[in-house]
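The structure appears below as structure tokens.
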Amino acid sequence: MSAEITLERNGRHGRYLLALPDSQPARLTFVETRPNHVAIDYSFVPPQYRGRGVARQLIVRAVEDARATATRSLRSAVMSPLSSVIILSGRTCWRSDGA
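Here the sequence shown stands for residues 1346 to 1444, where the numbers follow the working numbering.
In structure tokens, the structure reads:
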């Protein structure tokens, strides 16, 4: 499943949306906690689309945008029983402090 992910911003807050057929969109929300530091604070994938890589697409887009804008820190505050977003962000993210 590959569709266009859109980014909406409102001041320090923003969200990535992925339109899904016959469903509400999947989303990943974030807040800039300080300049060049972003915290992902919420994710949602409709039940019928879970386990299909939808959250992964949203996280990858957030990481790509963070890299493109020289964001120094991209952290996930999302906790879920499956921890898929936490595990994915740990494999996908980077540290710009040389570590």
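For every residue, glycine included, the Cβ atom is placed at its ideal position computed from N, Cα and C.
Owing to the predicted nature of the structure, the values given are computational and were not obtained by experimental measurement.
Taking the CB atoms as reference points, tell me whether residue 1381 and residue 1420 lie closer together than 8 angstroms.
-> no
Coil, strand or helix - residue 1403 by DSSP = helix
Just how far apart, CA to CA, sit residue 1367 and residue 1377?
-> 32 angstroms
Using a Cβ-Cβ cut-off of 8 angstroms (strictly less than) and excluding sequence neighbours within five positions of residue 1391, which residues of its own chain qualify?
-> 1365, 1368, 1369 and 1371
Under the rule that 16 or more other beta-carbon atoms within 10 Å means buried, what is residue 1373, buried or exposed?
-> buried
Identify, in the order they occur along the chain, each residue of the same chain with its Cβ nearer than 8 angstroms to the Cβ of residue 1393, setting aside the five sequence neighbours on each side.
-> 1368
Output yes if chain B places a C-beta closer than 8 angstroms to the C-beta of residue 1416; else output no.
-> No chain B is present in this structure, which holds just one protein chain.
Relative to the alpha-carbon of residue 1407, which residue among 1353, 1361 and 1354 has its alpha-carbon at the smallest distance?
-> 1361
Paired residues, beta bridge with residue 1355 - DSSP | 1358
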